[in-house]
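Right, one structure below, let's go through it.
Chains as they are written, first to last, in my numbering: chain A, 73 to 238; chain P, 907 to 1184.
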């Protein structure tokens, strides 16, 4: 039942992304708050609902954004898959896992967006995308990943108390 | 009269006499010395009493001052919030006044004002979200403007909101004409949010500062909406067309309120486009 917090929390993340974070630009890039939330949640050891959160985030982002559903779906669920895989292998260094997921996840989503949008006929110069959009977004995502991870860790402890987890 | 009352009477008379003589100034220096001792003693006592009184009452004053200070600080913060709110209202009023002026100077169109409530979550796309939708008769394809010029067009609509594709979006292409050069071109957006002109004939002479307006060709936008001004021109002999960079008239980083032109119906010319021959 506590997992239903995904709806208000991801809703808030999408609203913040649309109204606040998208205004905090570094060159032409900005952070991806829903991505950070989903990745940080999927990295928590106790969490059993990471895929649900990924799907909810996909639906919400897909509803607000003009980005094709294919990019949003594959991108966010790919990040959940990556986070779950890394969480099992790098469980002793969760922050390192978070940085890795955000680094690879951001590059993956941006390259996927670039590829799909280019295939659909929108001209995107690759150098501009990497230099002006992807790298600044990557830097901002890495910066925001620490506080978001800490918040999601506390939330996971609340949703999955230790006695229930054990 | 017994001896005791006689004694009392004598004492009163003596004391009274001394007082009368001293008040009359008959005792001179002795009187002054005596009075100075009294005054010093009273001064010492008075100062100590005032000190003690301060000591006892001062903490009470600090508490009351602190309370008063807290009250005033609360009042100041409330007034500051009020000032910010009023400043915001003034800004909104100024924007609305400019938009009303614009709609009055362009009476051929009907407008619906909408507030910008968000932007696309992806940095690859340049879209805004406005707080008017199909409940307010907003339809897909309607142009969106400000008093400064063209903003974009409605891309998707739900009941109470709509998504607007800006002319800075990389997928946006607007048919325009350059007012001074009297030639047509196409304005494209880019991932960085810059607007550039392409498809300008090599035979046309264009200059920096030339005004760019929508041409209305293609039926996607009404004609004569301001896009911006030419900034730099790139003309290479071996290329078919000239290119130019554009300074947009609208500040896309500060879009608060926009106007949707509701009486414009875009024309879909896709069926009229020639099919590629097999």
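Cβ atoms here follow ideal geometry from the backbone N, Cα and C, with glycine treated the same way.
Buried versus exposed call for residue i [16 or more other C-beta atoms within 10 Å across all chains shown]
i, result
"residue 1159 of chain P", "exposed"
"residue 956 of chain P", "exposed"
"residue 1115 of chain P", "exposed"
"residue 950 of chain P", "exposed"
"residue 195 of chain A", "exposed"
"residue 213 of chain A", "buried"
"residue 141 of chain A", "exposed"
"residue 96 of chain A", "exposed"
"residue 943 of chain P", "exposed"
"residue 916 of chain P", "exposed"
"residue 963 of chain P", "exposed"
"residue 92 of chain A", "exposed"
"residue 169 of chain A", "buried"
"residue 217 of chain A", "buried"
"residue 1148 of chain P", "buried"
"residue 1072 of chain P", "buried"
"residue 90 of chain A", "buried"
"residue 1175 of chain P", "exposed"
"residue 126 of chain A", "buried"
"residue 152 of chain A", "buried"
"residue 186 of chain A", "buried"
"residue 1154 of chain P", "buried"
"residue 1024 of chain P", "buried"
Selection from the options that minimises the alpha carbon distance to residue i
i, options, result
"residue 1118 of chain P", "P:1145, P:922, P:1156 and P:1005", "P:1156"
"residue 1191 of chain P", "P:1090, P:933, P:986 and P:1125", "It is not possible to answer for residue 1191 of chain P, since the shown part of chain P is limited to 907 through 1184."
"residue 1167 of chain P", "P:934, P:1088, P:1110 and P:1053", "P:1053"
"residue 1144 of chain P", "P:923, P:1108 and P:987", "P:1108"
"residue 102 of chain A", "P:989, P:1028 and P:1102", "P:1028"
"residue 940 of chain P", "P:1164, P:1154 and P:925", "P:925"
"residue 1132 of chain P", "P:1033, P:1058 and P:990", "P:1058"
"residue 99 of chain A", "A:122, A:228, A:147 and A:201", "A:201"
"residue 105 of chain A", "A:174, A:198, A:180 and A:188", "A:174"
"residue 1032 of chain P", "P:1094, P:962 and P:1019", "P:1094"
"residue 229 of chain A", "A:139, A:161, A:119 and A:166", "A:119"
"residue 1012 of chain P", "P:1129, P:1101 and P:1044", "P:1129"
"residue 1134 of chain P", "P:1007, P:909, P:1098 and P:1103", "P:1103"
"residue 1152 of chain P", "P:1074, P:1088 and P:1022", "P:1074"
"residue 197 of chain A", "P:1084, P:913, P:978 and P:1098", "P:1098"
"residue 149 of chain A", "A:135, A:137 and A:114", "A:114"
"residue 1127 of chain P", "P:1092, P:1045 and P:1080", "P:1080"
"residue 159 of chain A", "A:88, A:181 and A:111", "A:111"
"residue 116 of chain A", "A:88, A:204, A:162 and A:187", "A:162"
"residue 231 of chain A", "A:121, A:179 and A:94", "A:121"
"residue 1055 of chain P", "P:1038, P:1120 and P:1034", "P:1120"
"residue 108 of chain A", "A:193, A:147 and A:190", "A:147"
"residue 1123 of chain P", "P:1105, P:1142, P:1088 and P:1083", "P:1083"
N- and C-terminal bounds of the beta strand (DSSP E) containing residue i
i, result
"residue 1127 of chain P", "Careful: residue 1127 of chain P lies outside any beta strand (DSSP E) and carries neither H nor E."
"residue 1117 of chain P", "1117-1120"
Residues sharing a beta bridge with residue i, DSSP
i, result
"residue 1139 of chain P", "P:1150"
"residue 1017 of chain P", "P:1167"
"residue 1049 of chain P", "P:1059"
"residue 1081 of chain P", "P:1092"
"residue 1034 of chain P", "P:1025 and P:1070"
"residue 1104 of chain P", "P:1092"
"residue 1132 of chain P", "P:1119"
"residue 98 of chain A", "A:101"
Enclosing alpha helix (DSSP H) for residue i [first to last residue]
i, result
"residue 225 of chain A", "207-231"
"residue 181 of chain A", "166-191"
"residue 132 of chain A", "122-136"
"residue 157 of chain A", "141-161"
"residue 203 of chain A", "That residue, residue 203 of chain A, is in no alpha helix (DSSP H); it is neither H nor E in DSSP."
"residue 91 of chain A", "78-91"
Any non-hydrogen atom of the ligand MN closer than 6 Å to residue i Cβ
i, result
"residue 1104 of chain P", "The ligand MN is absent from the structure shown, which contains no ligand whatsoever."
Next on the checklist: Taking beta-carbon pairs under 8 Å, can you tell me which members of the stretch 1063-1088 of chain P lie near chain A?
Outcome noted: 1069, 1071, 1076 and 1077
Checklist entry - Going along the stretch 97-115 of chain A in order, which residues come within less than 9 Å of chain P, judged by CB to CB distance? => result 97, 99, 100, 101, 102, 104, 105 and 106
Next on the checklist: Under 7 Å, CB to CB, which of the residues in the stretch 190-205 of chain A have a partner in chain P?
Outcome noted: 194, 195, 196, 200, 201, 204 and 205
Checklist entry - Which of the residues in the stretch 1004-1030 of chain P, read from start to end, lie with their CB under 9 Å from any CB of chain A? => result 1023, 1024, 1025, 1026, 1027, 1028, 1029 and 1030
Checklist entry - At a Cβ cut of 8 Å, what residues of the stretch 128-147 of chain A count as close to chain P, listed as they run along the chain? => result 133, 136, 137, 138 and 139
Checklist entry - What residues in the stretch 205-232 of chain A bring their beta carbon closer than 8 Å to a beta carbon of chain P? => result 205 and 209
Next on the checklist: Beta carbons nearer than 8 Å to chain P: which residues of the stretch 73-90 of chain A have them?
Outcome noted: 86, 87, 89 and 90
Item to check | chain A contacts from the stretch 1088-1101 of chain P (Cβ-Cβ distance under 7 Å) | outcome: 1097, 1098 and 1099
Item to check | Contact list for the stretch 1031-1051 of chain P against chain A, Cβ threshold 9 Å | outcome: 1031, 1033 and 1035
Item to check | Interface positions of the stretch 164-184 of chain A facing chain P (Cβ-Cβ less than 7 Å), listed along the chain | outcome: none
Checklist entry - Mind listing which residues of the stretch 943-970 of chain P have their C-beta closer than 7 Å to chain A's C-betas, in chain order? => result none
Checklist entry - Between the stretch 1157-1178 of chain P and chain A, which residues of the former have CB atoms less than 9 Å from a CB of the latter, in chain order? => result 1159
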